[in-house]
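Take the position in the sequence shown, starting the count at 1, then add 2; the result is the number in the numbering used here.
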Amino acid sequence: MPRTALFLALLLSSFVAGCSSSGDPCEVVCAKNAACQPDGPGKETCVALCNELSDRASYATAIERQAECYGSEDWSCEALATGACDYSEDD
């Protein structure tokens, strides 16, 4: 997935509230990002798009790594906005 498309998809997923303990990477990413971007689409919209895009192996890997990062640190919204947990295939 091109970096721009991945960024846009991850940005969309960054619109939902507070980390979920479900273990589902889409739930974790969407929940964490909602806290930082409360004016974005709802968590359900984010999770649905994330799950749809997760059919692509590269996107699924990126979301899994992003969710791991979110779970391993207490990142601020500012740190996340500057790419603290961004993943690229080059990493």
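C-beta: ideal position from N, C-alpha, C; glycine also.
Using CA coordinates, which residue listed in Asp41, Cys38, Asn53 is at the minimum distance from glutamate 29?
For this step, residue 29 is matched to residue 27 along the sequence shown. When each option's Cα is compared against that of glutamate 29, the closest is Asn53.
For glycine 44, count the other beta carbons within 10 Å of its own beta carbon; 16 or more makes it buried, fewer makes it exposed. Which is it?
Taking the first residue of the sequence shown as position 1, residue 44 is located at position 42. Classification of glycine 44: exposed, given that the 10 Å Cβ count is below 16.
With 16 other Cβ atoms within 10 Å as the buried cut-off, status of alanine 81:
For the purposes of this step, residue 81 is identified with residue 79 of the sequence shown, where counting begins at 1. Flag for alanine 81 reads exposed.
Closest residue to cysteine 38 among Arg58, Leu55, Tyr72 (Cα-Cα distance)
If you number the sequence shown from 1, residue 38 lands on position 36. For cysteine 38, the nearest C-alpha among the options comes from Tyr72.
Spatial neighbours of serine 56 in its chain, beta-carbon cut-off 7 Å, leaving aside the 5 residues before and after:
Your numbering for residue 56 matches position 54 in the sequence shown. So the list reads Cys28, Ala62, Ile65, once near-sequence residues are dropped.
What is the rounded straight-line gap between the Cα of cysteine 48 and the Cα of alanine 69?
Along the sequence shown, one-based indexing puts residue 48 at 46. Along the sequence shown, one-based indexing puts residue 69 at 67. Straight-line Cα distance between these residues: approximately 14 Å.
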